[in-house]
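One structure is given here, and the rest of the page talks about it.
Number of protein chains: 2
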Amino acid sequence: MTKKPTMPATPPAVRANVSVAAPASSEEAPTSSRATRAAERRAAIVDAAMEEFIARGFAATRLDDIAKRAGVAKGTIYLHFKDKESMFEELVRIVIVPVVARLTTLPPPAGSVRDLIEAFAGNFLREVIGTRRGDLVRLIVAEGPRFPSVADFYYREVVSRGIAAMRALIELGIARGEIRDKDLARYPQILVAPAMIAVIWQSLFARHAPLDAQDMLRVHLDLIFGERRTT
Amino acid sequence: MTKKPTMPATPPAVRANVSVAAPASSEEAPTSSRATRAAERRAAIVDAAMEEFIARGFAATRLDDIAKRAGVAKGTIYLHFKDKESMFEELVRIVIVPVVARLTTLPPPAGSVRDLIEAFAGNFLREVIGTRRGDLVRLIVAEGPRFPSVADFYYREVVSRGIAAMRALIELGIARGEIRDKDLARYPQILVAPAMIAVIWQSLFARHAPLDAQDMLRVHLDLIFGERRTT
DNA sequence: AAAATATGACTGACTAGTCAGTCATAGTCA
DNA sequence: TGACTATGACTGACTAGTCAGTCATATTTT
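Which chain is which? The protein sequence lines are Y and W, in order.
For the first sequence, the tail end lands on 231 under UniProt numbering, and the numbers increase by one without skipping.
For the second sequence, the tail end lands on 231 under UniProt numbering, and the numbers increase by one without skipping.
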């Protein structure tokens, strides 16, 4: 390479909006025991690694950069992770698991199916679309084929559960007469597709043509449930 | 790295199902003038590069491997392309352009809007979903953020045109009363979303849970147009 | 023979991973 | 309590290897 073609990763000033650790008082807070400090460092490494991997992809990310961003020596990374690969794999688990936990903690099953799904979509909008986590989803799509274990994990923990949950909701909707089309239960992907497209769109094309994801999802739900009767 | 973790790229035996050149008689066919031979070599390089980039991503792909797969010395690549980066960029153009050309050559605008869209979907199924070109789309999603010029090109040549074409069809459908939901014209993405999801699904999750893309698209169109009246 | 092409050994910049040594903290003893 | 020792988290210079890009040489075409 004649010169570095890669654009700089998000500069350190713009910190992740999704942090693994508590606010991580950046400097000199020996608030803590050895174990605590170690945990903080690990979290700092995870945050830094996520930023770098999202910005550059797995292969092009340098461990030196992760170390610098985390404010840690390179060797320290190897105290916490076996190697670059397993760091990437663990990273995905660490970031994804709590999100799934939160999203699958459904709100009380009160109200119509549409209300349930709207609550779901609202969470998704807030927690994923247009956030670092959305970028992480794109990263998984990007690196999945080269990391079968990551793809497997993601399928098992996120996709299959999500599909199952959506299918259950759709079947409920059909049973209650809220949803007309009975075939929809066979392809819950259709229900989720616009949300996924929104994630990708924000990552790739937002600067060409911003997308009002919330409004789009509303239109999509109108399509499935029929126009929203203004309560 | 202690050992190569990457799985081998598709072995040379399994040739691309999408070739840039004519069948590329692999050995010794001096059928041709210099210019022709040069063009064949260039095409072989493009094919090989596509395979490798799809299998490994940009950063992890070695030019030595592309050369070997194309049956060419590494130096030869530099007779055709300035460097790895511009090879990738040109590659995308070279492969995408003819597909767009073919897909935008609409069949005679006869029949219902649904028929038009179904024809479109059929082409897309055949030409993209589950083919190397589908993988290329995933690759663009993957590398887009690191190759703004690729993302720009893809947006300009494929996405914006596709969206515009879909919008036109939707508006026609609304005008003719085939489509109920008027808001759909504001988000043609909704019409296309399941097809994109199918592309990604085949790439990432096919071996966990195969997806009948054709049937899914049919269900989706039923959702938009209402159940298909059996002609 | 001259020109156009093609080759692949070579170079140098770059980076994953290592490890001997440092030092703040935790633990022990008088 | 204060001094002294043990621990292991942390460091960063270093090694071994990789790979994009070059170019002197060989091969093919005209």
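Even glycine gets a Cβ: it sits at the ideal position worked out from N, Cα and C.
- Cβ neighbour criterion (16 or more within 10 Å) applied to residue 65/W: Here residue 65/W corresponds to residue number 65 of the second sequence, with the count starting at 1. Residue 65/W is buried by the Cβ-count criterion.
Relative to the C-alpha of residue 151/W, which candidate in 208/Y, 114/Y, 167/Y and 113/Y has its C-alpha closest?
Position 151 of the second sequence holds residue 151/W. Taking only the C-alpha atoms, the option nearest residue 151/W is 208/Y.
Q. Is residue 232/W buried or exposed, if buried means 16 or more other CB atoms sit within 10 Å of its CB?
A. This structure leaves residue 232/W out entirely; chain W is present only between 1 and 231.
Apply the 10 Å Cβ neighbour rule to residue 135/Y and answer buried if 16 or more other Cβ atoms are within range, or exposed otherwise. Translated into the one-based positions of the first sequence, residue 135/Y becomes position 135. With 16 or more other Cβ atoms within 10 Å, it is buried.
What does the alpha-carbon distance come out to for the pair residue 224/Y and residue 94/W?
The residue labelled residue 224/Y in the question sits at position 224 within the first sequence. The residue labelled residue 94/W in the question sits at position 94 within the second sequence. Cα-Cα distance, rounded: 39 angstroms.
Discussion item. Please list, in chain order, the residues of the region 125 to 154 of chain Y that have any C-beta partner in chain W closer than 7 angstroms.
Written reply: 138, 141, 142, 144, 145, 146 and 151
### Query
Considering only the beta carbon of each residue, do residue 187/W and residue 216/Y sit closer than 8 angstroms?
The residue given as residue 187/W occupies position 187 in the second sequence. The residue given as residue 216/Y occupies position 216 in the first sequence. Yes, they are a contact pair.
- Item | Member of 202/W, 203/W, 164/W and 102/W whose CA lies at the smallest distance from the CA of residue 184/W | Your numbering for residue 184/W matches position 184 in the second sequence. Minimum Cα distance to residue 184/W is reached at 164/W.
Return yes when the Cβ of residue 125/W is within less than 8 angstroms of the Cβ of residue 213/W, no when it is not. The residue labelled residue 213/W in the question sits at position 213 within the second sequence. The residue labelled residue 125/W in the question sits at position 125 within the second sequence. Against a cut-off of 8 angstroms, the Cβ pair of residue 125/W and residue 213/W comes out as a contact.
Nearest candidate by alpha-carbon position, reference residue 137/Y, set 196/Y, 169/Y and 76/Y: Position 137 of the first sequence holds residue 137/Y. Residue 196/Y is the option with its Cα nearest to residue 137/Y.
Next item on the list: Could you please give the first and the last residue of the uninterrupted alpha helix (DSSP H) stretch that includes residue 80/W?
Entry: Within the second sequence, numbered from 1, the residue matching residue 80/W stands at position 80. Start and end: 74 to 80.
Rounded to whole angstroms, what's the CA-CA distance from residue 232/Y to residue 47/W? Just pull it up for me.
No information on residue 232/Y is available, as it lies outside the stretch 1 to 231 that chain Y covers here.
Exercise. So which residues on chain W does residue 236/Y lean against when the C-beta distance must stay under 9 angstroms?
Worked result: The structure shown does not extend to residue 236/Y, since chain Y is modelled only from 1 through 231, so no value can be given for it.
Notebook entry, point to check: Which residues, in order along the region 164 to 192 of chain Y, keep a beta-carbon less than 8 angstroms from a beta-carbon of chain W?
Noted result: 181, 183, 184, 186, 187, 189, 190 and 192
**Asked** Which chain Y residues are close to residue 48/W, counting only those with a beta carbon under 9 angstroms from its beta carbon?
**Response** Here residue 48/W refers to the residue found at position 48 when the second sequence is read from its first residue. Ordered by position in chain Y, no residue passes the 9 angstroms Cβ test against residue 48/W, which lies about 18 angstroms from the chain.
In the structure shown, what three-state DSSP assignment does residue 57/W receive?
-> Locating residue 57/W in the second sequence gives position 57, where the first residue counts as 1. Coil at residue 57/W, not helix or strand.
Let's see if you can read the secondary structure: which residues bound the alpha helix (DSSP H) around residue 154/W? Within the second sequence, the letter at position 154 stands for residue 154/W. Unbroken alpha helix (DSSP H) run through residue 154/W: 148 to 154.
Checklist line | Rounded Cβ spacing between residue 54/Y and residue 77/Y (contact assumed at less than 8 angstroms) | finding: The residue labelled residue 54/Y in the question sits at position 54 within the first sequence. The residue labelled residue 77/Y in the question sits at position 77 within the first sequence. Going by Cβ atoms, the distance from residue 54/Y to residue 77/Y rounds to 17 angstroms, so no, they are not a contact pair.
So residue 194/Y contacts chain W; which residues on that side make the cut at Cβ distance below 7 angstroms?
Residue numbering aside, residue 194/Y sits at position 194 when the first sequence is read from its first letter. Within chain W, the residues near residue 194/Y are 189, 190 and 193.
Query raised in the report: Can the beta-carbon of residue 204/W be found less than 8 angstroms from the beta-carbon of residue 158/Y?
Result: Taking the second sequence and counting its residues from 1, one reaches residue 204/W at position 204. Taking the first sequence and counting its residues from 1, one reaches residue 158/Y at position 158. Result no, Cβ atoms of residue 204/W and residue 158/Y do not sit closer than 8 angstroms.
For residue 191/W and residue 80/Y, I'd like the C-alpha separation in whole angstroms.
Taking the first residue of the second sequence as position 1, residue 191/W is located at position 191. Taking the first residue of the first sequence as position 1, residue 80/Y is located at position 80. Distance between the alpha carbons of residue 191/W and residue 80/Y: 46 angstroms.
Problem set entry | Proximity winner among 218/Y, 131/Y, 114/Y and 154/Y, relative to residue 171/Y (alpha-carbon distances) | Taking the first residue of the first sequence as 1, we reach residue 171/Y at position 171. The shortest C-alpha separation from residue 171/Y is found at 114/Y.
Query raised in the report: Roughly how many angstroms separate the alpha carbons of residue 83/Y and residue 58/Y, rounded to a whole number?
Result: If you number the first sequence from 1, residue 83/Y lands on position 83. If you number the first sequence from 1, residue 58/Y lands on position 58. Approximately 12 angstroms, taken between the alpha carbons.
### Task
Would you decide whether residue 99/Y is buried or exposed? Buried here means 16 or more other CB atoms lie within 10 Å of its CB.
Position 99 of the first sequence, counted from the first residue, corresponds to residue 99/Y. Buried, because 16 or more other Cβ atoms sit within 10 Å of the Cβ of residue 99/Y.
From what residue to what residue does the alpha helix (DSSP H) around residue 120/W run? Here residue 120/W corresponds to residue number 120 of the second sequence, with the count starting at 1. Start and end: 113 to 127.
Which residue marks the beginning of the alpha helix (DSSP H) containing residue 98/W, and which one marks its end? Your numbering for residue 98/W matches position 98 in the second sequence. Start and end: 84 to 104.
(Q) Please tell me whether residue 219/Y has its Cβ less than 8 angstroms away from any Cβ of chain W. (A) Along the first sequence, read from residue 1 onward, the residue named residue 219/Y stands at position 219. Answer yes: the Cβ-Cβ gap between residue 219/Y and chain W drops below 8 angstroms somewhere.
Q. Is DSSP giving residue 110/W helix, strand or coil here?
A. To locate residue 110/W, count along the second sequence from 1; it is residue 110. If DSSP states are grouped into helix, strand and coil, residue 110/W belongs with coil.
Grouping DSSP H, G and I as helix and E and B as strand, with all else coil, what is residue 168/W? For the purposes of this step, residue 168/W is taken as the residue at position 168 of the second sequence. Helix at residue 168/W.
By Cβ distance, which residues of its chain are closer than 8 angstroms to residue 144/W, with the 5 residues on each side in sequence left out? Here the question's residue 144/W lines up with position 144 in the second sequence. Result list for residue 144/W: 150, 151 and 154, in chain order.
Buried versus exposed call for residue 122/Y [16 or more other C-beta atoms within 10 Å across all chains shown] = Sequence index remark: in the first sequence, residue 122/Y carries index 122 (1-based). The residue is exposed, with fewer than 16 neighbouring Cβ atoms inside 10 Å.
For residue 39/Y, which option in 70/Y, 210/Y, 180/Y and 89/Y has the closest C-alpha, if you only look at C-alpha atoms?
-> If you number the first sequence from 1, residue 39/Y lands on position 39. Residue 39/Y has its Cα closest to that of 70/Y, out of 70/Y, 210/Y, 180/Y and 89/Y.
Taking the beta carbon of residue 61/W as the centre, do at least 16 other beta carbons fall within 10 Å, making it buried, or is it exposed? Translated into positions along the second sequence, residue 61/W becomes position 61. Residue 61/W is buried by the Cβ-count criterion.
query: Between residue 169/Y and residue 117/Y, which are expected to be in contact by the criterion C-beta below 8 angstroms, what is the C-beta distance as a whole number of angstroms?
result: Position 169 of the first sequence, counted from the start, is the residue given in the question as residue 169/Y. Position 117 of the first sequence, counted from the start, is the residue given in the question as residue 117/Y. At roughly 6 angstroms, the Cβ-Cβ gap stays under 8 angstroms, so residue 169/Y and residue 117/Y are in contact.
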